[in-house]
Amino acid sequence: SVVLVIIAVVLLACLLPRKHTHQGPSRNYTIPVNQALFFFDAQKSGILPKNSAVKFRGDSGVQDGISSNTNVNLVGGYYDSGNNIKFTFPTAYTVTLLSWTVIEYHEKYSNVGELDHVKDIIKWGSDYLLKVFVPPNATSDSTLYSQASDLCTDNSTTPDNDINCWQRPEDMAYPRPVSFCKDTASDLAGEIIAALSAASLVFKSEMLYSGELIKAAEQLFRLVTSNTYKNGTYTIGDCGREAGQFYNSSGYLDELTWGGSWLFFATGNTSYLHYATESFESAMNAELDSDKGVFDWNNKLAANAVLLTRLRYFHDPGYPYEVALESSGNITTMLMCSYLSERTFDTTPSGLILLRPDYGAPLQYAATASFLSKLYTDYLYAQRIPGLSCGTHSISPEMIIFLGKLVKTPYILTGFDVNPPMLSNLGVNPLPLCNPQVNYILGQNPKKMSYLVGFNDNYPKQVHHRAASIPWDNQQHSCVEGNKWLSSKDPNPNLLIGAMVAGPDQDDNFIDSRDNPIFTEPTISGNAGLTQRESLQISNYYDSKFYFLSF
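The sequence shown runs -21 to -1, 1 to 530 under mature numbering (1 follows the signal peptide of the UniProt record, and there is no 0).
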């Protein structure tokens, strides 16, 4: 199952740096930022640092790629979820999301002493992404690696694999072949371009590393936008045949546009902005109805509209981009209005927004929608814009923050009769209350269940996660032995702090069962979205200057 965006987005919801208390659900949530980041430390593959805070993890996957069918070094990166597979597509998405939070809110991380921590997590991912792209040379074409380890879907004679084995990463002894793309992988390439470009901004002060990231992003961009490149999704052929069972991309134009936008921000080269604005309309026309308004590992258009709106507000490049940027602004307005309209998106009986009701893991979508709404609200505050118009209603920034689902507020106004104080004047957010979607994730729901592991007392105890569910006892456990922990009804022996699980169903029901991943499995993409949203609550300050903006 997938938890996009990227996340952890909710992990820091309403986060103020105060002592962690166990008082049950309320809007005064406090949680250390490092808990939000702990999950990513627990997902690391490769040779771990000696000072790792995760005591139930060790070195693993140290032969990935090297001993496979390709002989390439793919050691490192992140395990995707509760299994031991590394998927490049959600890894790149995760790096992009986490980088975006640092770019926009780096002072918040710094204020609580977690800036170096989150940058380490980003670099662990960006280092891996540099490995998965091999540029063309005189003797061979370019290669993109989409996956490390497989599901053995075409080899029933090999019973031990990442799906059949319930085994800690450190105990893996079965083959871990890699999948690679030789023909078409426009979507995968676009997300990698976005990730490397965004990460280059995070590491702008480290000129050599930032330059390495930009160089790879530009090489890959030139490759996939050349006339000779065959465009298509990475899941068409062997490249993503198995990955498509978990991350089946529905298109590639949104990722290419997304990559172009981030490459422009990283370099200031307007040719990338030209590509992004020219391609944006085509990407919108190709968007599936089921993807509209959704920001996740599969669809970047909503986020790209907000990103281009940011450019228009703070660094308007003028001609010839006015029309395209005005269009992105209008799309952003419609996006925010759609989040507020019960006629556009359903909710659970208790108000969790259901952006993709036909899919599981609803928390990931609520988290990224919450992030976009809060980020856009900060843009409005910084620009002294009192709100926006949704049909006949004028909507204040506060209403946008709330997503209008769980609380009754006085902020649907006509004529903006109330002028909320501006952040630029006060230095604080006039509304300290959390977004109700975040409140829901952290325990304000019928189950009074925090879907963030380790937050408050009532949280999922049987998280679908191999490393967390098997005791760290210095003994090797086989695939067969692992089944007893998969089927056990006992709580996980290792606390996977900061993991946001998939979440409830459409009726607010939740089953805390390890063998029911549709409820209890966390993913790096979903937790990236949660970390995004949570990073906004570390402090009450927004700086309208893009961190390390290069132009």
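The beta carbon of each residue, even a glycine, is placed where N, CA and C say it ideally should be.
Express the C-alpha separation of Ser375 and Gly55 in angstroms, rounding to a whole number. 45 Å
Put Ser329 into one of helix, strand or coil per three-state DSSP. coil
Just to confirm, is the Cβ distance from Glu234 to Lys161 under 8 Å? In this structure, Glu234 sits away from Lys161, with a CB-CB distance that is not shorter than 8 Å.
Nearest-angstrom Cβ-Cβ length linking Leu351 and Phe274, presumed shorter than 8 Å: With a Cβ gap of about 6 Å, Leu351 and Phe274 count as contacting.
In the DSSP assignment, the beta strand (DSSP E) including Ser307 goes from what residue to what residue? Looking at the DSSP string, Ser307 is not in any beta strand (DSSP E); the run it does join, the alpha helix (DSSP H), is 301 to 319.
Inspect the CB distances between the stretch 31 to 50 and the stretch 113 to 121 and report whether three or more fall short of 8 Å. The answer is no - the stretch 113 to 121 does not touch the stretch 31 to 50, with fewer than three Cβ pairs under 8 Å.
Could you pull the DSSP bridge partners for Phe112 from this structure? Leu123
Which residue from Lys468, Pro148, Phe244 puts its Cα closest to that of Ser179? Phe244
Just curious, the alpha helix (DSSP H) that His444 is in, first and last residue? Looking at the DSSP string, His444 is not in any alpha helix (DSSP H), and its letter there is neither H nor E.
Which of helix, strand or coil DSSP assigns to Phe159: strand
Cβ-Cβ separation, Arg155 to Asp43 (assumed contact under 8 Å), whole Å: Contact flag correct, Cβ pair sits at about 6 Å.
Give the secondary structure of Tyr57 by DSSP, where H, G and I count as helix, E and B as strand, and everything else as coil. strand
Restricting to Cα atoms, I'd like to know which of Glu305, Gln22, Ala168, Leu130 is closest to Gly242. First, the amino acid is wrong: residue 242 is Leu here, not Gly. The shortest Cα separation from Leu242 among Glu305, Gln22, Ala168, Leu130 belongs to Ala168.
Leu192 in three-state terms, based on DSSP: In the three-state DSSP reduction, Leu192 falls in the helix class (H, G or I).
Since Val81 and Tyr88 are thought to touch, with beta carbons under 8 Å apart, how far apart are those beta carbons, to the nearest angstrom? 6 Å
For the beta strand (DSSP E) that Cys458 lies in, which residues bound it at each end? Where Cys458 is concerned, there is no enclosing beta strand (DSSP E), although the alpha helix (DSSP H) it sits in stretches over 458 to 465.
Distance, Cα to Cα, Glu266 vs Ser240? 18 Å
Provide the residue(s) that pair with residue 534 in DSSP beta bridges, ordered along the chain. The requested residue 534 is not part of the displayed model; the chain covers only -21 to 530.
With distances taken between CB atoms, is the gap from Ser269 to Leu232 smaller than 8 Å? no
Member of Val285, Trp237, Tyr107, Ala447 whose CA lies at the smallest distance from the CA of Asn277: Trp237
For Asp150 and Phe19, the rounded distance between their alpha carbons: 20 Å
Just verifying my parser: in three-state terms, what is the DSSP assignment at Lys29? coil
Give me whichever residues DSSP pairs with Phe367 in a beta bridge. Per the sequence shown, the amino acid found at residue 367 is Leu instead of Phe. The partner list for Leu367 (beta bridge, DSSP) reads Ile374.
Helix, strand or coil: how does DSSP classify Pro409 here? Legend: pLDDT at Pro409 = 29, less than 50; position of this residue unreliable, no value from coordinates given.
Member of Leu314, Gly339, Ile332, Gln416 whose CA lies at the smallest distance from the CA of Gly370: Leu314
Are at least three pairs of beta-carbons, each pair with one atom in the stretch 298 to 305 and one in the stretch 430 to 450, less than 8 Å apart? no
By how many angstroms is the C-alpha of Thr67 removed from the C-alpha of Thr510? 19 Å
How should Val157 be labelled, buried or exposed, when 16 other C-beta atoms within 10 angstroms of its C-beta is the threshold for buried? buried
Might you give, ordered along the chain, the residues of its own chain that have their beta carbon closer than 6 Å to the beta carbon of Ser5, omitting 5 neighbours on each side? For Ser5, the predicted model reports a pLDDT of 35, less than 50, meaning its position is unreliable; a value from the coordinates is still stated below. Same-chain partners within the cutoff: there are none.
Please report how far the alpha carbon of Val285 lies from the alpha carbon of Gly308, in whole angstroms. 7 Å
Secondary structure at Lys87, three-state DSSP: helix, strand or coil? Helix, per DSSP.
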